[in-house]
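Numbering (the working numbering), first residue to last: 1469 to 1722. Where is the CB? At the ideal position from N, CA and C, for every residue including glycine. One structure below.
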Amino acid sequence: MNYNDGMSLYAIGDLHLHYQSVLKAKAQLSDPLWKDHERRFKENCERMISDKDTLVLVGDHSWGKNLSECEEDFAYIRSLPGRKILTRGNHDMFWDARKTRQLNEQFQPDLTFLQDGYLTYKDYALVATKGHTFEGPYYLNQKGQIIGWDEEAEQQAKKLVERERLRISRSLESARKDGFRKIVIFLHYPPTSVIESDSVFTKLAEQYDVSQVIYAHCHGERRFHDSIQGRYRGIKYSLVSGDYLNWVPKKILD
Ligand SMILES: [Fe+2]
Ligand SMILES: [Fe+2]
């Protein structure tokens, strides 16, 4: 199919809004990258995104502990231009994955919450899950090299990785069964940890020959290069955490 309608799909993650809730990362107040980020992000969206475009928000939307603590955050997200798709992050306490349907019933048509199955954008299938990766604790030597890690934490991480692998596998399978040849995966966690060069997520991306893997979650200069960026085994990987992008949504598809 050929599309020439001027539409684009953008992505960004980690808005970490807190209009009604307790800000858990105090650095958000003092770090210049986070200063006034709500206003700067909205201005960038209004300058770049039209109502025909799609904006995928890749998790960690709000610090709210439940839906009522997120109301103003959702009002802010609703006020952004374009079709808004939200995926789950590790801080999204308002979102029980098993209740995604109820969330969609409550917020349609303004917001779409993507967890199981897929959504379409032109001839692409968009699939999403939170993902997971082992984030330590690691033990370092004096040169800062990793010489060991917490094995109990690693075992726990493996369980979460497996749950997320099952979720994304089902969505990938349903997209393929329905004939989609072009797929974009949205994870919240990076696809690999700092000690991995590949993972179940990169292998699935290769197995399903997906076009792109988009992820967020990595905050601060020291974390921006924790995982894969750019082309790797034919797949394009992009980090889209808001502070990494300085609150400019990244164009993913034309
Ligand atoms: Fe985050
Ligand atoms: Fe996160």
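Using 10 angstroms around the beta-carbon of residue 1588, count the other beta-carbons present and answer buried if the total reaches 16, otherwise exposed. exposed
Could you tell me the distance, in whole angstroms, from the CA atom of residue 1536 to the CA atom of residue 1574? 13 angstroms
Unbroken beta strand (DSSP E) runs of length 3 or more, entirely within the segment 1498–1569: which are they? 1522–1526, 1551–1555
Report yes if the CB atom of residue 1651 is closer than 8 angstroms to the CB atom of residue 1678, and no otherwise. yes
Integer Cβ distance of residue 1720 from residue 1477, believed to fall under 8 angstroms: 5 angstroms
Can you find the residues in the same chain that come closer than 7 angstroms, C-beta to C-beta, to residue 1600, ignoring five residues on each side of it along the sequence? 1625, 1628, 1629, 1632, 1657
The beta strand (DSSP E) enclosing residue 1580, as first and last residue numbers: 1579–1581
Judging by CA-CA distance, which residue of 1663, 1483, 1722, 1494 is the nearest neighbour of residue 1542? 1483
For the putative contact between residue 1489 and residue 1532, defined by C-beta atoms under 8 angstroms, what is the C-beta separation to the nearest angstrom? 4 angstroms
Specify, as a first and last residue, the run of the beta strand (DSSP E) that residue 1680 falls within. 1680–1683
Selected residue, minimal CA-CA separation from residue 1530, among 1500, 1696, 1496, 1522: 1496
Residue 1669, enclosing alpha helix (DSSP H) - first and last residue: 1668–1675
Determine whether the beta carbon atoms of residue 1710 and residue 1581 lie at a separation below 8 angstroms. no
CA-to-CA distance, residue 1593 to residue 1718, given in whole angstroms: 18 angstroms
Where does residue 1476 sit, in a helix, a strand or coil, going by DSSP? coil
For residue 1482, verify whether its CB is less than 7 angstroms away from any heavy atom of ligand 1. yes
In angstroms, rounded to a whole number, what distance separates the CA positions of residue 1641 and residue 1661? 25 angstroms
Note down the Cα distance separating residue 1475 from residue 1548, rounded to an integer number of angstroms. 16 angstroms
How far does the alpha helix (DSSP H) with residue 1651 in it reach, from first residue to last? Residue 1651 -> not in any alpha helix (DSSP H); beta strand (DSSP E) instead, spanning 1650–1655.
Buried or exposed: residue 1518, going by 16 or more other Cβ atoms within 10 Å of its Cβ? exposed
Within 10 angstroms of its Cβ, does residue 1469 collect 16 or more other Cβ (buried), or is it exposed? Since pLDDT at residue 1469 reaches only 48, below the 50 mark, its modelled position is unreliable, and no value is offered.
DSSP has residue 1601 in a bridge; who is on the other side? For residue 1601, which the question treats as bridged, DSSP gives no partner whatsoever.
Please list, in chain order, all residues of the same chain as residue 1708 whose beta carbon is under 6 angstroms from its beta carbon, the five residues on each side excluded. 1479, 1480, 1481, 1526, 1682, 1684, 1718
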